[in-house]
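Following: one structure in structure tokens, then a few remarks.
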């Protein structure tokens, strides 16, 4: 719980903190198949390091990446899907 208070004090909100890892814009990963889904990303590795510094011992890059997807900071879209067109206008 104190972790969230520390982030709020430093960054103003958890949302601002999370978006800071991707410069305020969602990162959209286009994939062709489930085997192309990465387990982590550079942003997730940085986030995991930061979280560990703040005391979250079991928050590694894979968990960070999944969390980023859950809050739409990172998005996975299958190539040719309506999601890509709706999200990016491509």
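Residue numbers (the working numbering): 4 to 93. Even for Gly, the Cβ is constructed at its ideal location relative to N, Cα and C.
Buried versus exposed call for residue 41 [16 or more other C-beta atoms within 10 Å across all chains shown]: exposed
Nearest candidate by alpha-carbon position, reference residue 30, set 43, 83, 76, 82: 76
Contact check, residue 62 vs residue 54, beta carbons under 8 Å: yes
Own chain partners of residue 47 with C-beta closer than 7 Å, once the 5 adjacent residues on each side are dropped: 64, 67, 68, 71
Outcome for residue 16 when other beta-carbon atoms lying within 10 angstroms are tallied against a minimum of 16: exposed
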